[in-house]
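Numbering (the working numbering), first residue to last: 2 to 92.
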């Protein structure tokens, strides 16, 4: 297989979460470096960069969270009815 085909195949596998994982160190180091170059104290620049990275992770987990489902895209149907619940004794 030619190297260009391998690169194309890898590029198609990138997903939203891959971009988030790439953005986390970029935000932490990049925003900190930009603020530090602008004259902001390091004790302020690091938490600002960390906050941006934390917001990206929070968005990926809670706003656009991963969804577990079948690999073929078929809808998941439960065989148990929601009204037919057996009693559960925890004792």
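Ideal Cβ positions, reconstructed from N, Cα and C, are used throughout, including at glycine.
Per DSSP, the continuous alpha helix (DSSP H) segment holding residue 37 begins and ends at 33-38.
The beta carbons of residue 24 and residue 57 sit closer together than 8 Å. A direct Cα-Cα distance of roughly 14 Å separates residue 67 from residue 22. Here residue 42 carries a coil assignment [DSSP, helix/strand/coil]. Between the C-alpha atoms of residue 16 and residue 61 there is a straight-line separation of about 11 Å.
By alpha-carbon distance to residue 52, the top candidate from 19, 91, 20, 31 is 31.
Taking a 10 Å sphere around the C-beta of residue 43, we find fewer than 16 other C-beta atoms and assign the residue as exposed. Beyond the five residues adjoining it in sequence on each side, residue 65 comes within less than 7 Å, by CB distance, of 17 in the same chain, given in chain order.
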